[in-house]
Structures are given as C-alpha cells and as structure tokens.
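Asks:
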Amino acid sequence: MRIYDLKTEYLKAPNAVDAVQPRFSWKIASESKGVRQKSYHIVAKSEAETLWDSGTVESDECRFIRYEGKPLQSRQKVVWQVFVTAEDAEKNLLTAGWETSFFRMGLLHKADWRAKWITVGEDAPGRRKAAYVRRQFTVRAGLIEARLYQTAHGLYESFLNGHATDNDKFKPGLTSYYYRIQYQTYDVADLLNTGENVWKVILADGWWRGSTGGSVINNFGHTLDFLGQLELVYTDGTTEIIGTDEKFETSDGPLLAADMLMGDIYDARLRAENWHPVRLTECTSIVSGTMAQLIASRSVPVRENERFEGKPFHDASGALILDFGQNIAGNVLMVLRNTRPGQLVRLTHGETLDHDGNFTIDNVNKCSLPIEAFQEVTYICKGAPEEVYQPSFSIFGFRYVKVEGYENDIQAGDFTAVAIYSFMEETGDFRCSNPLITKLVENARWSQKGNFMDVPVDCPTRERNAWTGDAQIFVRTACTFMNGYAFYEKWLKDQTLEQFESGKVGITFPSTSSAHNPAALDERLLSINPFYSLAGPTGNGNIGEDATGWGDSAVWLPYSVYLWYGDVQILKNQYETARRWVEFELACARNENPLYADQQYVLDGAGQYVLDTCFQYGEWNEAFGVREKVKAYYEHLHDPVPEMSPEQIAAEKKAFAQQVQRFLLSKQKTGDAITATAYMARSLRLVANMARILGKVEDAETYAALAEKITGIYARYFIAEDGTIQEGHQAPYVRALAMELCGEKKEKVLEKLLSEIEANGYALNTGFLSTPFLLPVLAENGHSTEAYRILENEELPGWLYPVKKGMTTIPESWGGVDLLNDSLNHYSYGSVCEFLFQYTAGIRPDPENPGWKHFFLKPVPGGSLTYAEARQETPFGEIRSIWKLDEEGFHYVCSVPANTVATLTLPNGETRMLGSGTYIF
2 MRIYDLKTEY
12 LKAPNAVDAV
22 QPRFSWKIAS
32 ESKGVRQKSY
42 HIVAKSEAET
52 LWDSGTVESD
62 ECRFIRYEGK
72 PLQSRQKVVW
82 QVFVTAEDAE
92 KNLLTAGWET
102 SFFRMGLLHK
112 ADWRAKWITV
122 GEDAPGRRKA
132 AYVRRQFTVR
142 AGLIEARLYQ
152 TAHGLYESFL
162 NGHATDNDKF
172 KPGLTSYYYR
182 IQYQTYDVAD
192 LLNTGENVWK
202 VILADGWWRG
212 STGGSVINNF
222 GHTLDFLGQL
232 ELVYTDGTTE
242 IIGTDEKFET
252 SDGPLLAADM
262 LMGDIYDARL
272 RAENWHPVRL
282 TECTSIVSGT
292 MAQLIASRSV
302 PVRENERFEG
312 KPFHDASGAL
322 ILDFGQNIAG
332 NVLMVLRNTR
342 PGQLVRLTHG
352 ETLDHDGNFT
362 IDNVNKCSLP
372 IEAFQEVTYI
382 CKGAPEEVYQ
392 PSFSIFGFRY
402 VKVEGYENDI
412 QAGDFTAVAI
422 YSFMEETGDF
432 RCSNPLITKL
442 VENARWSQKG
452 NFMDVPVDCP
462 TRERNAWTGD
472 AQIFVRTACT
482 FMNGYAFYEK
492 WLKDQTLEQF
502 ESGKVGITFP
512 STSSAHNPAA
522 LDERLLSINP
532 FYSLAGPTGN
542 GNIGEDATGW
552 GDSAVWLPYS
562 VYLWYGDVQI
572 LKNQYETARR
582 WVEFELACAR
592 NENPLYADQQ
602 YVLDGAGQYV
612 LDTCFQYGEW
622 NEAFGVREKV
632 KAYYEHLHDP
642 VPEMSPEQIA
652 AEKKAFAQQV
662 QRFLLSKQKT
672 GDAITATAYM
682 ARSLRLVANM
692 ARILGKVEDA
702 ETYAALAEKI
712 TGIYARYFIA
722 EDGTIQEGHQ
732 APYVRALAME
742 LCGEKKEKVL
752 EKLLSEIEAN
762 GYALNTGFLS
772 TPFLLPVLAE
782 NGHSTEAYRI
792 LENEELPGWL
802 YPVKKGMTTI
812 PESWGGVDLL
822 NDSLNHYSYG
832 SVCEFLFQYT
842 AGIRPDPENP
852 GWKHFFLKPV
862 PGGSLTYAEA
872 RQETPFGEIR
882 SIWKLDEEGF
892 HYVCSVPANT
902 VATLTLPNGE
912 TRMLGSGTYI
922 F
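Using our numbering, the first residue of the sequence shown is number 2, and each one after it goes up by one.
1. Kindly confirm or deny that the segment 329-345 and the segment 408-426 touch, where touching means at least three C-beta pairs closer than 8 Å.
2. I'd like to check one pair, F857 with H730: are the Cβ atoms closer than 8 Å?
3. Note down the Cα distance separating V83 from Y563, rounded to an integer number of angstroms.
4. Take the Cβ of N275 as the centre, count every other Cβ of all protein chains shown within 10 Å, and call the residue buried at 16 or more, exposed below.
5. Suppose you measure from the CA of R67 to the CA of S26; what does that come to, to the nearest Å?
6. Between N900, G916, F922, which lies nearest to E889 when the distance is taken from Cα to Cα?
7. Compute the distance between the beta-carbons of G507 and G542, then report whether it is under 8 Å.
8. Report buried or exposed for Y489, applying the criterion of at least 16 other Cβ atoms within 10 angstroms of its Cβ.
9. Considering only residues of the same chain and omitting the five flanking positions on each side of Q1, which have a CB-CB separation below 6 Å?
10. Tell me whether R338 sits in a helix, a strand or coil according to DSSP, three-state version.
11. Taking only the alpha-carbon atoms, compute the straight-line gap between Y184 and Y235 and give it to the nearest angstrom.
12. To the nearest whole angstrom, what separates the beta carbons of P898 and G878, a pair I think is in contact under 8 Å?
13. Measuring alpha carbon to alpha carbon, tell me which residue in L754, G713, G398, D169 is nearest G724.
14. From K117 to E352, what does the alpha carbon distance come to, in whole angstroms?
15. With distances taken from CA atoms, which of F774, T712, V631 is nearest L821?
16. Exposed or buried, what is L874 when buried is set at 16 or more other beta-carbons lying within 10 Å of its beta-carbon?
17. Can you look up A205 in the DSSP assignment and give me helix, strand or coil?
18. When DSSP labels each residue in this structure, what does V583 get in the three-state scheme?
19. Counting pairs of Cβ atoms below 8 Å between the segment 299-310 and the segment 161-174, do you hit three or more?
20. Roughly how many angstroms separate the alpha carbons of H517 and A780, rounded to a whole number?
21. Suppose the cutoff is 7 Å on Cβ atoms and the five residues either side in sequence are ignored; what does the same chain contact list for S47 look like?
22. Nearest by alpha-carbon distance to F774: which of A760, N761, L792 is it?
23. Mind checking R580: buried by the 16 CB within 10 Å criterion, or exposed?
24. Go through its chain and collect everything with a Cβ distance to Q935's Cβ below 6 Å, but skip five positions before and after it.
25. Cutting at 7 Å between CB atoms, please list the residues of its own chain near L558, excluding the five before and the five after it.
26. Need the endpoints of the beta strand (DSSP E) that T904 sits in, please.
27. Give a yes or no on whether the C-beta atoms belonging to Y187 and L156 are separated by under 8 Å.
28. With distances taken Cα to Cα, identify the nearest neighbour of M106 among A706, A20, T195.
29. Less than 8 Å separating the beta-carbons of G540 and C615?
30. Hey, G264 and V346: beta-carbon distance below 8 Å or not?
31. Under 8 Å between the Cβ atoms of M691 and L572?
32. Consider the Cβ of G229: report whether some Cβ of chain D lies at a distance smaller than 8 Å.
33. Counting pairs of Cβ atoms below 8 Å between the segment 160-168 and the segment 125-132, do you hit three or more?
34. Can you tell me which residues form a DSSP beta bridge with V121?
35. Taking the C-alpha atoms as reference points, what is the distance between E911 and T904?
36. Give the DSSP-derived three-state secondary structure of P23 in the structure shown.
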C-alpha cells in the first residue's frame, strides 16, 4: 500500500496559506481488494519543532483533516507527514508511510506588511497606457532566502534582473476587490545577485478598471496601484525588507494600451524612460472606507497551457488568416522576421469564418460599451531580424487570427496560440463508440478551459461575465472534468461578500452586471443602460438581479460542490447566503402582482407561495423555433445589405438598446411563475437539507415544511389533471419532473413530456435551465431509448449538430453555428456530459455519502452505442467504468478506489456491493 497526492487546503505544497487550521488530505492505493483505511497518524514540524502530533487516530477519513497543533505563524514553513494503516477484504493489516509534504504560511497580520500602496497608473481619456515601476536595491553576501509578496489594483507582471518572477498569469486574480484582494508569494533567491539588483513591475487595467462584462469600465477604480514586499534573509540571521514606498520610480513604456478585451498596442521602438517618483496612496475601499483585506491566493493559479501552431491561408477576401485548429481562450506568441522600423502588424482574433469563407468577428463583437478595438493586438516594429511578442494582460476567444501588415513567409513556430486558464487538475474523461459523442465531450472540456480563468465566465469574447445561471448549470460537469473545490470555494465567498441587503444575489459576481465604483455610474454608462446600479451590500443591483435560476446558484453551487467533495466547510461558508436568498424569494412571493389578481391560486389564498413577481430570465435561450429561424436566415443570406454611416450604426445600436430596455421592463412586470416557483421550491428543499447537515434543526424543519407546501401548490395550480403545464415546450415538464414537483400527477407529466418530444421529431427544445435535466429525467423514468435518440440526433437543434459542423467548443445558442449571432465557446449546454458520466458510464454520486465515499455504478447502455468508457478522479482515487456490447452480450469492467465502496447495478438488474479493486463481469 502507498500514500499519494498529499494536499494542503486542496493545493499541492502551497507557497502561502492564511488558514490558521489548514486542511490536509491524501489518497491510498493498494493491489489488494476491499481496502479500507483504519487509522492515520499526522506529524507536523517547523524545522526541529514539532507543532502537532495527532497520535494514532482510528478513522477511515483521509480528506479535510484539520490541523490541530500549535498556533501557526506568518512565513512559517511546515513539513507534515502521514502514516496510515488499512485493512483489506481478507482482514490483512496494511501499512504505508511516512509520506511527506509541506506548505508555507502567508502574512497573517496587517502588521506583517511593511510595504505601502503606490499609485502608478493615472486615469486618462480613451485607452490607457500600462505603467512601468522599478526599484534598484543591493543584496548583501550570505543571502539564503528571498520571498516576494505582491498584489495590485489592475494586473501585474514582475521581474527581477530581467527575469520573470513566476509563471502565473492575470495576477492577482478577480475577487470583490473592495472587500478582499489576493496577494501572490514567490521564492526568488535564485533570481538575485550579490550586489546591485533591479525589481521591475508592469501594470495594466485588468478587471480593476478595464472593459469588463462588455459594458463596464472603471468597475472598481480609475488608477492603477501596486503593493510589493521583498524579504531577504541572510546567514547571519538578519532579515531585510524592501517594500513599495516613495523610493520606487514609475514611467510609461512601449505598452501603450493593454485591455483584457480590446487588446494591446505595443510600440517596440519605445522604452521606459523619464522615470519619476511614484505617489503613495491609502487605497481605502470606496464602499467601506477601510483597506480591503489582503488574502493569500485561495485557488489554483492561471497558467499558460496547451499550444497550437497556426496554419496560414487566405480567406475569400484575400486576407491572411491563421487557423489554430482549436477554439481557445488565450493569446498568440508571434515571431516576426526582418521587420522595418515603424512597421505596423495587427492581429485580430475571432472564432469563425462566415458563410462565404471570410474571417469575421460579427458573431461576438457586440459589446454594449463603445470600444475602440475588439480582440486586437497592434504591434509597431522596431526593425530587427527577429522580434518576439506575446500579450501579458490581454486574453481573447479565438480559433482564427487575421494578420495585417506582415507580408513575409510564415515559418513553423512563427505564430503559436497559447491556451490560458486556471490550472486545475483534469479529473474526468469519457469516450464511446460514437465518435461525435466523444468529440462532444472534448468540446465541452475545451469550453470549460476557455471560460474558467480564475472565475467561470460565460464566454471569453464579448461578455466575459461570471454569470451565475451558466455556472450552476455546469457545476457538476465542471467538477467531473476538473478538480474544482479550491476554485469554487474561493469564488463563492465573493457571492457572500456581494450579496445585497435584501438577500438577493448578483447575476454575476464579482459583479460586472452592476458597478462597484460609484463614479463608474456616470452619464455615459447610464446612457447605454439606465438600469445599471451599484453592486454589493450598499447597492441594489440592476433590473436583472432578481432572477431565479440565476440567484438560486447561491444554493445549488455550494450544495453541488459539497456533493462532489464531501467537505462540509463549503456549506458552512455559504449557508447564510443561501438562507438569505430563499428568504428573498419568499418575500418576493408575498408581493402581489396585479396582473394575476384573478388567478385561482390568488383567489384561494395561496398567492404568497407563488413567485409571480420580479424580473425573470426564465428558460433562457430555448430552442423553440430555431429551425425556422435558421431556414429564414439562409433564404436571405445574400440579400443586399445597405451600407450604413457611422451615425446610422450608432442610431441602430441605440434603438436596439431601447428595445432591450423595453424587454427588461416587460419581463419585470410579468415575472415567470412557472419557472420561478419551481426554483424556489427546490432551493427551499436544499437549504433545509443544508441546515440538517449543519445541525440547524429549526431551520431544517421550517424550510422543509415550506418546500413541501409550495410543491403541493405547484402541482395543484400549475399542472393540469391531464399533466399539461405549458404546451409546445419541453422545459416545464423536464423541470417539474427533475425537481419532484408533480405529486400524484407524475405519470401524466411524463406522458406530456414524451408527447412534446415526439411532436418535435425527437429533438430537444429546452433552454439553459432545463437542458441538463432532460436526458437524466428520461432515463430515470424508464425512457432511455428516447434519451439516446435525442442525444444522437445530428440535426438542429441537438448537441451533435455543431460537432458535425466542425465546432471545437460548445456554442452559446442552438442556432448560433448557422446564424453567427452568438459566442461559439459557451460551456452551458456542455452540461449534457453529466448524463454521459452518470448514466451512459453509470458513475453516480451518493447524496447520503457525499464526496464519493460510497457511490453507485449503474451503466445505462442505449442508442447506437456498443462501447463506452469513463474515468473519474475523486478525493479517494480513480473510478473507471467500461462496458461493451457484442453478439455475446454485455461486458463490464470497473475499478473502485481504495477506501471507498460502490453499489453496482448491471443492466440485467443484478446488484453487488464492491470494495476497492478492479472487477470484470
């Protein structure tokens, strides 16, 4: 037996931890079957001092074991070891250890920071330059350790003696900056010289003041600020601290603009000069009047990952285009050869070609904010045999790049696309005999990679919003593909910080749908969207912040993360946020909507339990009527399009904005009781369960009773005796069945769903909210044949249609591939992969034993599939499930990780309990 994969706070050997009782975890592996851990023994030391000796603890737990030793100190290095005993199915005693890992403590107290915030990037109209900062300093002989602590308002890259201090990107990451901001810590002794050294930093707009959400600038502030502290430890026991202060200098440089969305302007002929002193600043929060809490990085870093070489060709218009073969979020590393001084090379990044074979960004260049550029890099050459450039502060969604101003022959390696995303461990994979489905899974994984960049955004192109509705749809698929605990725990705390006083939560967080900086709510922004408002507890958000499905993420997200990883801490962190959200829903339900005063549920006195008020997005992006839209689009594809002046274009955009405003006001008045009440009932049930887990008995009883009452009201007033909910749509039936709202009408509702599916030619017409539940609902209710028929549909609308059309990611809308009107990299509909893992392969979590301590293996073969295979890494190790159908029947192989138990149910109904090991049936 061996111990492996030791982690602290869900990270491998983290360099700065500020949890005073960090969590330890490990996995065990053995060739024996039925292995269960019997005990563990942890010893934690700092140098020669024993900080904690747990002694032998009789327990089979190997996850989230809390440190219980002496108080941990700032900067302290802690080495911890674990020894484990286990027993196999034959009652043989197994041992393993001592396996070792370590972590470093961060700066735990405000007094640890000797550095001062400095302001280096002043506000200016139009696009703003990056700021360059430097400090020269001396290192004495005898240096044994050097640690660098840094953060910024904006994004930063740092260098010591010309060498990058780290491989992390888009630092310090996105948090609710007015309340907390992450700092990064790096060991940099190898980059320093005895004698003179130079510390240089470059800062750019980032989320702090750049284009966010496609509609907000200066979301948090107007200037760039930096905080850095370099600590030098010598052999004589002394420590020298070099912190940002008035001795630092700042200057402009060659990076004339760097916006995450708009892109870069870089003039290689320039250099940073005319250095002048920085300005000190208090950097107090505009909202709270106090300095935001500095916290150590809580999640995995953003890193450069896969690379793709561009293949040059000329499009139908004759433009030079590079095809990288994969739609990604990232940027391009380019090598330019034999350039001329002043030569201007421009790269424009896009996802697709239009139907005439021309490069286009029309499907995504739809920001409501007037912007000067969209996903562009403008590079002005200095003139050299070779020039190399890659953006540091811009990230784009693209597969294709249009190259202008460069006529030289392109050699191998001259243009390389670099995928950039949060460096999460990949944990799940699926493949099967249908290559289109296997490709669908690959596309869904790439959409996760393309949209998980410190926070989960909807698309990496026009919006880049951390939409809650999209996130709650995809969370379980996300945690299947990648280890997401640290990612979600960090992100969800910002939902708590930004929850409005009323209890509602933002539709994005940290919010880009409302503004944090009161000064950002200026005439310009309000002229674009008069509903923009202030984010966070002191504000009330914009008109869309009331929406259920999106707001219910406050419940579904932490509950799903708990189900996947079993750590009750996520529920402790988020319970009050979830509870306040359902109280907000209940308050909204108590408000009367005069439009529905004559409805029977109101006349019967049940209106206070029906949520028929507030703005509701409802079943967003429903596939209803998409085939007709696409047909009409192609019929008029080449109709003459009149040329428009800039004034006409501006007027058209203004008219569209007014149309959107009328739509929002209308939705606010009408509500959507069928959708909203369903989500309220489900969230109440889950909050009751969360309360039960946390020992909050009174809350559990109160919310369970409310959930039961609303479920009964829903079945009575929204489901007809024949099962009808809303004719012509599949979503209401899917939702009612998935959320267990049907009562005694369940069979009738199921019949209506099947009738709707048949009437739609066995194609789906669900939208964002219900699509993840469609196939599981069918399979759970004995209709896997219909589920697979919908899954394997290769026509519009269906999951395999864009795969057949050559997509390498998941499109935002069902008709987007043809209509070219939305993002082509939008993970939401990739949530179908949950069905493939849990039903096709049969790997299912057990809600009564969260975190995969016990799980189910229940493969459901169907459709044309003759083979399917899935692997899923869990907190205990890897689960594998493989089946094959041939003329001899059904063949099955599975692997169960050590320290877990699985309940296997084969298609013939045979059931077995399996301890760890590999089994063949």
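C-beta: ideal position from N, C-alpha, C; glycine also.
Replies: Working from what's here:
1. Contact between the segment 329-345 and the segment 408-426 is present, because at least three Cβ pairs lie under 8 Å.
2. no
3. In this model, V83 and Y563 are separated by some 25 Å (Cα to Cα).
4. exposed
5. 9 Å
6. Of the listed residues, the one whose Cα sits closest to E889 is F922.
7. Yes.
8. buried
9. Outside the displayed range of the chain (2 to 922) lies residue 1, so it cannot be described from this structure.
10. strand
11. 24 Å
12. 3 Å
13. L754
14. 43 Å
15. V631
16. A small correction: the amino acid at residue 874 is Glu; Leu does not occupy that position in the sequence shown. The residue is buried, with at least 16 neighbouring Cβ atoms inside 10 Å.
17. strand
18. helix
19. yes
20. If I take the Cα positions, the gap works out to 45 Å.
21. Q77, K78, V79
22. L792
23. Using a 10 angstroms sphere on the CB of R580, the tally of other CB atoms reaches 16 or more, which defines it as buried.
24. Residue 935 is absent from the structure shown; the chain starts at 2 and stops at 922.
25. Setting aside the 5 residues that flank it on each side, L558 is surrounded in the same chain by A472, Q473, V476, Y489, L493, each with a C-beta closer than 7 Å to its C-beta; the list follows chain order.
26. 902-906
27. no
28. Minimum Cα-Cα distance from M106 among the listed residues A706, A20, T195 corresponds to A20.
29. no
30. no
31. yes
32. In summary, chain D is missing from the structure at hand, where a single protein chain is found.
33. no
34. Answer by DSSP bridge pairing: none, since V121 is not bridged.
35. Taking the straight line from one Cα to the other gives about 11 Å.
36. coil
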